[in-house]
Structures are given as structure tokens and as C-alpha cells.
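>
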Amino acid sequence: MTPQIHIEASLSLLAGKSDPIGTAGRIIDGRDGVSAIVREIDQTVLKRTLFIGNGEGGEIALDVAGRRLLCLRSINFPLVRRAYHRLCDKPLSEDSIDELMDLFELLEMFVERARDLTILTERRSSDGWAGDIGISAARLAEGWMLTLYPQAVDATAQPAPAEEEDEPGLAGFLRRCDGLYSAALVLEGDQPLSQIGDENALVALAEASARRKAPLALVSGLVDTGADAPYFSLLRDMDDGGQMMAVAGCGAETVLLMAPADNLSQISTMWQAAA
Amino acid sequence: MVPGSSAMALTAYLDEIKTDFASCEVVAYVDLGSRLVLRVNSENARPQEWLDRLGVAAAEMLNGELAQSFGTAGGHSDEAMIETGGVRFVFVRSPADPIEALCCTCTPDTDIEALTARMRDTLIRLAETGGPA
Numbered sequence: 162m163t164p165q166i167h168i169e170a171s172l173s174l175l176a177g178k179s180d181p182i183g184t185a186g187r188i189i190d191g192r193d194g195v196s197a198i199v200r201e202i203d204q205t206v207l208k209r210t211l212f213i214g215n216g217e218g219g220e221i222a223l224d225v226a227g228r229r230l231l232c233l234r235s236i237n238f239p240l241v242r243r244a245y246h247r248l249c250d251k252p253l254s255e256d257s258i259d260e261l262m263d264l265f266e267l268l269e270m271f272v273e274r275a276r277d278l279t280i281l282t283e284r285r286s287s288d289g290w291a292g293d294i295g296i297s298a299a300r301l302a303e304g305w306m307l308t309l310y311p312q313a314v315d316a317t318a319q320p321a322p323a324e325e326e327d328e329p330g331l332a333g334f335l336r337r338c339d340g341l342y343s344a345a346l347v348l349e350g351d352q353p354l355s356q357i358g359d360e361n362a363l364v365a366l367a368e369a370s371a372r373r374k375a376p377l378a379l380v381s382g383l384v385d386t387g388a389d390a391p392y393f394s395l396l397r398d399m400d401d402g403g404q405m406m407a408v409a410g411c412g413a414e415t416v417l418l419m420a421p422a423d424n425l426s427q428i429s430t431m432w433q434a435a436a
Numbered sequence: 069m070v071p072g073s074s075a076m077a078l079t080a081y082l083d084e085i086k087t088d089f090a091s092c093e094v095v096a097y098v099d100l101g102s103r104l105v106l107r108v109n110s111e112n113a114r115p116q117e118w119l120d121r122l123g124v125a126a127a128e129m130l131n132g133e134l135a136q137s138f139g140t141a142g143g144h145s146d147e148a149m150i151e152t153g154g155v156r157f158v159f160v161r162s163p164a165d166p167i168e169a170l171c172c173t174c175t176p177d178t179d180i181e182a183l184t185a186r187m188r189d190t191l192i193r194l195a196e197t198g199g200p201a
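Quick note, the sequences are listed as chains A and B, same order.
Just so you know, we're using my numbering here: the first sequence kicks off at 162 and counts up by one.
Just so you know, we're using my numbering here: the second sequence kicks off at 69 and counts up by one.
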């Protein structure tokens with residue numbers, strides 16, 4: 162590229178539409194392809210927000226600085242909205258995991274060089290309860306770790322109806338665990354996890370547990386069980402308001418939960434059914 | 069070591085738990101500092117190696133890396149449980165002395181809330197009777 166063409170290309174980029182809600186943002190036509198987005202990220206040193214549109218009303222907002230993607234701030238695509246609504250209707254279910262995985266595969270083309278994504282949205286349940294909800298995704302060597310962390314717990318949450326209790330596996334286990342502080346499904350749990358946030362206790366927990374299957378290793382020799390045997394472990398901290406944390410694993414999958422301590426019996430019973 | 073009358077009280081308390089919770093196979097008193105099982109009541113005789121592993125498991129679950137990742141107050145957990153292979157291991161730290169704990173192994177259908185409450189109560193009673201420090 163000659164210097165003149167390079168300058169013209171840069172001027173062309175600068176001529177893009179301004180951010181409608183602030184001077185630090187830009188709108189990019191996503192139909193120009195991934196290379197246009199990557200070029201914008203490469204040319205961004207000071208922090209700003211990139212709005213990537215698809216020409217049909219869909220839009221992704223990316224916070225960018227230092228020539229790298231900081232986070233995915235918001236998304237507004239029909240597919241994504243559907244996934245959110247499904248997620249907000251109930252705890253993480255197998256279907257919503259599949260949809261989220263599809264979502265992140267879709268987003269991967271926008272963030273091919275990013276490791277972590279954070280999505281914040283608002284949760285509204287059918288009974289009118291509302292609160293912030295966060296979804297973090299950390300890309301592992303193989304697969305993603307998804308973390309769901311509501312900022313408040315629906316105190317009126319009831320166990321799932323009996324007809325839903327037959328869903329097998331860890332996804333079913335998660336689906337039946339209501340009233341959680343946090344939950345994460347770790348795929349390919351033997352892989353090290355990347356950091357999501359300093360205050361996310363699940364990250365440290367996952368690093369301490371999922372990578373080495375610590376609870377199962379502790380009883381190795383006490384119980385004749387294989388390395389891939391299902392296990393359920395639980396810790397309760399009485400000094401911390403009775404908060405409870407659970408780690409459940411089966412093969413390469415690990416589920417991490419944080420919940421009020423009075424859900425202990427309910428969760429352990431559900432785990433027995435799932436395992 | 070567990071001295072004199074306190075040792076007798078501890079033995080009686082472990083027996084009571086075994087009697088009241090028929091699904092408990094092993095009830096053990098653990099010193100978390102030394103990671104040793106100091107007293108055990110078990111239906112079947114257990115080799116010392118097994119008891120040593122149990123002591124390590126109790127210390128790791130209540131004070132170890134997992135507990136430090138979770139606990140926000142003191143970097144520990146007060147109760148812990150592992151279930152695998154049809155066996156449930158329950159660990160409860162003494163509210164009176166944080167380096168003491170009880171460990172029970174039981175079947176998964178055991179009333180876990182009742183058992184942990186009983187274990188906690190036993191540790192308090194033991195401390196009140198001048199139990200092992």
C-alpha cells in the first residue's frame with residue numbers, strides 16, 4: 162500500500178459515523194468484513210467504543226484500547242436476544258448452553274484475538290423480579306467457560322417441577338439448581354482457566370479445583386473410584402453468612418456453584434439424581 | 069494425644085454419633101494442624117494408611133487451597149463434603165477450636181443437615197468438657 166493510499170484509507174475510516182452517545186465511539190459497517198473490524202482495533206490506542214452494525218439494525222458494541230479488544234459491551238442481534246430471553250426465563254439449561262455456545266462461535270469472528278468476553282444485561286423474570294445479570298466467557302485452550310452471575314437471588318425461587326427432574330447430566334443438574342449466586346460450566350476442565358475478574362471467586366475456585374479435580378484426588382485411595390468418576394464436593398463458610406460453594410465433576414466437565422447454605426440438601430439431592 | 073477423661077468423653081461422643089446415625093460407617097476426630105486422625109470409631113478396622121489419607125483430606129477440604137479460594141472471611145471453610153463412589157465424606161470444623169474437626173463417612177441418603185448439626189454440637193460439647201486442645 163502506498164503512503165497516499167494508506168492515508169486515504171485512514172481518512173476514510175475517520176469519516177465513519179460518529180458514536181451517537183459519545184465522542185469516543187465509532188460505527189463500523191460489519192458487512193465490510195472481519196478485516197475492517199480488525200483494522201479498527203489495530204488503529205485504536207486510546208480507549209473508545211466501536212459499534213459494529215450489520216446494516217439491518219443489529220449492532221455489537223466493543224470497548225477497545227491499546228490495539229486490543231477489552232470487552233464486548235453490548236449486543237443487539239435477534240439471535241442474541243433470543244438466547245438472552247431463554248437464559249433469563251430459567252437457570253442455565255442445556256438448550257441455553259447450546260445457544261450460548263452458538264452465540265460465542267458467532268462472536269468469535271469479531272473477537273478472534275480476544276480471550277475473554279463480558280456481557281452485562283438486565284434480567285426480568287415472569288413474576289416481575291428484575292436485576293442485573295452478568296455473563297462472562299473465558300476462552301480455554303479447547304472450548305469456553307461460561308459464568309452466570311446474577312447480582313441478586315430470587316428469594317421466591319422454587320425447585321423445578323417434577324417433570325423436569327429427569328433431565329440427565331450436569332446440564333440438567335444446573336437447570337434444577339435455582340437460587341444460585343453463581344454457576345459455571347467448565348468444558349474440558351483439565352485445561353487452565355483464564356482470568357475473568359479479580360472479584361470472581363469462581364475463577365480462583367476453578368483454578369484450584371477443576372484443573373486438578375482436587376476433591377476427587379483427595380479421596381483417591383479412600384474409595385475405589387476411577388479418575389473420571391462423578392464426584393460432588395461442597396464447602397460451607399459459616400463466617401461468611403453461611404455461603405456455600407459446590408464443585409461437581411464428571412469426566413471432562415466440572416460444574417461450579419455458589420449458593421445460599423440453606424440449599425445444601427436440595428442441591429446434594431439433585432446431584433445424586435444427576436450423577 | 070487426647071488426655072484422660074476428655075479422651076473418654078470423646079470416645080463416648082463418637083459412639084453416640086454412630087448409634088444415632090446408623091448410616092455412618094466411620095466417625096473420626098481429626099487434628100487439622102498435624103493432619104492426623106486421633107480417635108476413630110469404625111464398623112470395620114481401617115489400616116493406618118487409610119486413616120492418614122482421611123486426615124489429609126479433612127485438612128485440605130477445611131484449610132487447603134480449595135477452602136482458601138472460597139472463604140472470604142478467614143480463608144477457610146467450616147463444613148465440607150465430598151461424595152463419590154456411593155460414599156459421602158463429611159467434615160465439620162469445631163466452632164470452639166478451629167484446628168479440631170470431626171469426619172464421618174456415610175451413605176448418600178444420610179440426612180446431611182442433621183448429621184452436620186450433630187457433629188458441630190458434639191465438638192462444642194467436647195470443648196465445654198475440657199476436650200482436647
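Glycine is no exception: its CB is placed at the ideal position from the N, C-alpha and C atoms.
Sort V206/A, V225/A, V380/A by Cα distance to V155/B and report the nearest one.
Here residue 155/B corresponds to residue number 87 of the second sequence, with the count starting at 1. Here the closest residue by C-alpha is V380/A.
> Under a three-way DSSP split, which group does G410/A fall into?
In the first sequence, counting from the first residue as 1, residue 410/A sits at position 249. G410/A: strand per DSSP, three-state reduction.
> Using 8 Å as the threshold, is the C-beta distance between I192/B and P376/A below it?
Sequence index remark: in the second sequence, residue 192/B carries index 124 (1-based). Sequence index remark: in the first sequence, residue 376/A carries index 215 (1-based). It is not a contact, given that the beta carbons lie outside the stated cut-off.
> Residues of chain B with a CB under 8 Å from the CB of T386/A: which are they?
As a first step, residue 386/A is located in the first sequence; it is residue number 225 there, counting from the start. Here the neighbours are T152, G153.
> Name the chain A residues whose beta carbon is nearer than 8 Å to that of E168/B?
On the second sequence, residue 168/B is found 100 positions in, with the first residue counted as 1. What E168/B touches in chain A: nothing, since even the nearest Cβ is about 15 Å away.
> Does the stretch 171–182 of chain B touch the stretch 76–93 of chain B, meaning 3 or more C-beta pairs lie closer than 8 Å?
yes
> Considering only C-alpha positions, which residue in the set D99/B, I85/B, A148/B is nearest to S110/B?
The sequence position of residue 110/B within the second sequence is 42, counting from 1. Nearest of D99/B, I85/B, A148/B to S110/B, Cα basis: I85/B.
> What distance in whole Å lies between the Cβ atoms of F159/B and E168/B, which are believed to be in contact at a cut-off of 8 Å?
Within the second sequence, the letter at position 100 stands for residue 168/B. Within the second sequence, the letter at position 91 stands for residue 159/B. In fact, because the Cβ distance is near 11 Å, the residues do not count as touching under 8 Å.
> Take A390/A as the anchor and find which of G132/B, P163/B, G153/B has the nearest alpha-carbon.
Position 229 of the first sequence, counting from 1, holds the residue named residue 390/A. For A390/A, the nearest C-alpha among the options comes from G153/B.
> Quick one: list the residues of chain A neighbouring E128/B, beta-carbon separation under 7 Å, in chain order.
Here the question's residue 128/B lines up with position 60 in the second sequence. Under the 7 Å cutoff, chain A gives L379.
> Looking only at its own chain, which residues have a Cβ that is under 6 Å from the Cβ of A126/B, when we skip the five neighbours before and after it?
Here residue 126/B is taken as the residue at index 58 of the second sequence, counted from 1. Answer for A126/B: V98, F159, A169, C171, listed in chain order.
> Using a Cβ-Cβ cutoff of 7 Å, what residues of the stretch 183–196 of chain B are near chain A? List them in chain order.
none
> Going by C-alpha to C-alpha distance, which of R161/B, F157/B, T197/B, L194/B sits closest to I180/B?
In the second sequence, the residue the question calls residue 180/B occupies position 112. The shortest Cα separation from I180/B among R161/B, F157/B, T197/B, L194/B belongs to F157/B.
> Rounded to a whole number of angstroms, what is the C-alpha to C-alpha distance between L100/B and L383/A?
As a working note, residue 100/B is residue 32 in the second sequence. As a working note, residue 383/A is residue 222 in the first sequence. Cα to Cα, L100/B sits roughly 18 Å from L383/A.
> In this structure, what does DSSP give as the bridge partners for A185/B?
Taking the second sequence and counting its residues from 1, the one referred to as residue 185/B is at position 117. None, per the DSSP bridge assignment.
> Mind checking whether S162/B and D398/A have CB atoms under 8 Å apart?
The sequence position of residue 162/B within the second sequence is 94, counting from 1. The sequence position of residue 398/A within the first sequence is 237, counting from 1. The answer is no: Cβ separation not under 8 Å.
> Determine which residues of the stretch 112–123 of chain B have a Cβ less than 9 Å from any Cβ of chain A, and write them out in chain order.
E117, W118, R121, L122
> Between F89/B and T178/B, which are expected to be in contact by the criterion C-beta below 8 Å, what is the C-beta distance as a whole number of angstroms?
For the purposes of this step, residue 89/B is taken as residue 21 along the second sequence, with counting starting at 1. For the purposes of this step, residue 178/B is taken as residue 110 along the second sequence, with counting starting at 1. So it is a contact: roughly 7 Å between Cβ atoms.
> Residues of chain A with a CB under 7 Å from the CB of F157/B: which are they?
Position 89 of the second sequence holds residue 157/B. Chain-ordered, the chain A residues with CB closer than 7 Å to the CB of F157/B read V380.
> By Cβ distance below 6 Å, which residues in the same chain neighbour L119/B in space, the five residues on each side in sequence not counted?
Here residue 119/B corresponds to residue number 51 of the second sequence, with the count starting at 1. Result list for L119/B: V105, in chain order.
> Checking contacts by CB at 8 Å: is R125/B closer than that to chain A?
Numbered from 1 along the second sequence, position 57 holds the residue referred to as residue 125/B. The sequence as given places Ala at residue 125/B; Arg does not occur at that position. At least one beta carbon of chain A lies nearer than 8 Å to the beta carbon of A125/B.
> Between the beta-carbon of D165/B and the beta-carbon of A135/B, is there less than 8 Å?
Numbered from 1 along the second sequence, position 97 holds the residue referred to as residue 165/B. Numbered from 1 along the second sequence, position 67 holds the residue referred to as residue 135/B. No, they are not a contact pair.
> What residue range does the beta strand (DSSP E) around R114/B cover?
Reading the second sequence from its first residue, position 46 is the one you call residue 114/B. In the DSSP annotation of this structure, R114/B is not part of any beta strand (DSSP E), being labelled neither H nor E.
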